[in-house]
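Participant:
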Amino acid sequence: MSSGLSIDLQGSGMTSARTRERLISRLMAQGIRDTRVLDVMRQTPRHLFVDEALAHRAYEDTALPIGHSQTLSQPYSVARMTELLLADGPRRKVLEVGTGSGYQTAVLAQLVAMVHSVERIKPLQDKARERLGSLGLNNVRFRHADGLGGWPGEGGYDGIIGTAAALGVPSTLTDLLAVGGCLILPVGAGQQQSLVRVRRTAEGLQQEVIEPAHFVPMLGGVIH
Ligand code: SAH
Numbered sequence: 000m001s002s003g004l005s006i007d008l009q010g011s012g013m014t015s016a017r018t019r020e021r022l023i024s025r026l027m028a029q030g031i032r033d034t035r036v037l038d039v040m041r042q043t044p045r046h047l048f049v050d051e052a053l054a055h056r057a058y059e060d061t062a063l064p065i066g067h068s069q070t071l072s073q074p075y076s077v078a079r080m081t082e083l084l085l086a087d088g089p090r091r092k093v094l095e096v097g098t099g100s101g102y103q104t105a106v107l108a109q110l111v112a113m114v115h116s117v118e119r120i121k122p123l124q125d126k127a128r129e130r131l132g133s134l135g136l137n138n139v140r141f142r143h144a145d146g147l148g149g150w151p152g153e154g155g156y157d158g159i160i161g162t163a164a165a166l167g168v169p170s171t172l173t174d175l176l177a178v179g180g181c182l183i184l185p186v187g188a189g190q191q192q193s194l195v196r197v198r199r200t201a202e203g204l205q206q207e208v209i210e211p212a213h214f215v216p217m218l219g220g221v222i223h
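Residue numbers (numbering that gives the first Met the number 0): 0 to 223.
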């Protein structure tokens, strides 16, 4: 075997099935139980959602930079939020605020019928759209806008996920929830953030704090 080949093998080792399996074991050790979520994360190539120079770190349980001062969310956060979103039953139509790299979008797209994903930074959205297309995930619609404005003409979402921290629970998002639906969102400023679940029941909204969270802030306006 030539040394060139062995270097190549080592390189692909960082994104190999075995490396991915270590991440899945770590997620399980941290309390992720939903096998549908674990299976999808095992199969989704996270290394394709970061620059090539960072691909070797793609299966560490850490957030990674994606440019424009934004990050690809930590795998634990993606797993936890997706698990919470699916906990009350199957989800048909889901809204995501903050497409970013598109990794969370790709995980969702494999678990629900239709994803609507909003991103305020156009170059990030363009890359994410390309990545999902190349993975053959065609049940996603993208929108370049401030996600707090929702999706004009749409509503009745049975799941909404926010991947950036809002200062409070936005009524513009809870208004879009169907009865039986839930919003999963980090809330708070700086390091003082909590992951919050808001369920819409026939009686109204029920809000609960799940655990501490660490996300980039939800911002207004759009970048072209
Ligand atoms: N789930 C993404 C997370 C990216 S970080 C991933 O794993 O790659 C959060 C993203 O939310 C950033 O891309 C940021 O630009 C976007 N964002 C922040 N505020 C927003 C808003 N009001 N509307 C839409 N997107 C927003």
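Where is the CB? At the ideal position from N, CA and C, for every residue including glycine.
Would DSSP call alanine 54 helix, strand or coil?
Facilitator: Looking up residue 54 in the sequence shown gives position 55. Helix at alanine 54.
Participant: Tell me whether isoleucine 65, by its Cβ, gets closer than 7 Å to a heavy atom of ligand 1.
Facilitator: Within the sequence shown, residue 65 is the residue found at index 66, counting from 1. Checking every heavy atom of ligand 1 against the Cβ of isoleucine 65, one is found closer than 7 Å.
Participant: Please work out which residues of its chain come closer than 8 Å, Cβ to Cβ, to isoleucine 120, disregarding the five sequence neighbours upstream and downstream, and give them in chain order.
Facilitator: To locate residue 120, count along the sequence shown from 1; it is residue 121. The answer, listed in chain order, is His67, Gln69, Val221 and Ile222.
Participant: Under 7 Å: does the beta carbon of alanine 57 sit that close to some heavy atom of ligand 1?
Facilitator: Along the sequence shown, read from residue 1 onward, the residue named residue 57 stands at position 58. Because no heavy atom of ligand 1 lies under 7 Å away, the Cβ of alanine 57 does not count as near it: no.
Participant: Under 7 Å from any heavy atom of ligand 1, does the C-beta of methionine 217 make it?
Facilitator: In the sequence shown, the residue the question calls residue 217 occupies position 218. Yes; taking the cut-off as 7 Å, the Cβ of methionine 217 has a heavy atom of ligand 1 nearer than that.
Participant: So is the beta-carbon of glutamate 210 under 7 Å away from any non-hydrogen atom of ligand 1?
Facilitator: Within the sequence shown, numbered from 1, the residue matching residue 210 stands at position 211. No.
Participant: Hey, which unbroken runs of the beta strand (DSSP E) at 3 residues or more fall wholly within the region 59–115?
Facilitator: 63–66, 69–71 and 92–96
Participant: What is the rounded straight-line gap between the Cα of leucine 136 and the Cα of leucine 110?
Facilitator: Here residue 136 corresponds to residue number 137 of the sequence shown, with the count starting at 1. Here residue 110 corresponds to residue number 111 of the sequence shown, with the count starting at 1. In a straight line, the C-alpha of leucine 136 is about 11 Å away from that of leucine 110.
Participant: Phenylalanine 141 by DSSP, collapsed to three states: which one?
Facilitator: For the purposes of this step, residue 141 is taken as residue 142 along the sequence shown, with counting starting at 1. Correct three-state label for phenylalanine 141: strand.
Participant: Any heavy atom of ligand 1 within a distance shorter than 7 Å of the CB on alanine 188?
Facilitator: Stepping through the sequence shown from its first residue, residue 188 is reached at position 189. Every heavy atom of ligand 1 is 7 Å or more from the Cβ of alanine 188, so no.
Participant: To which residues of the same chain is alanine 108 closer than 8 Å at the C-beta, ignoring the five residues directly before and after it?
Facilitator: Along the sequence shown, read from residue 1 onward, the residue named residue 108 stands at position 109. If we look at alanine 108 and ignore the five residues flanking it on each side, its Cβ neighbours are Val114, Leu131, Leu136, Asn138 and Val139.
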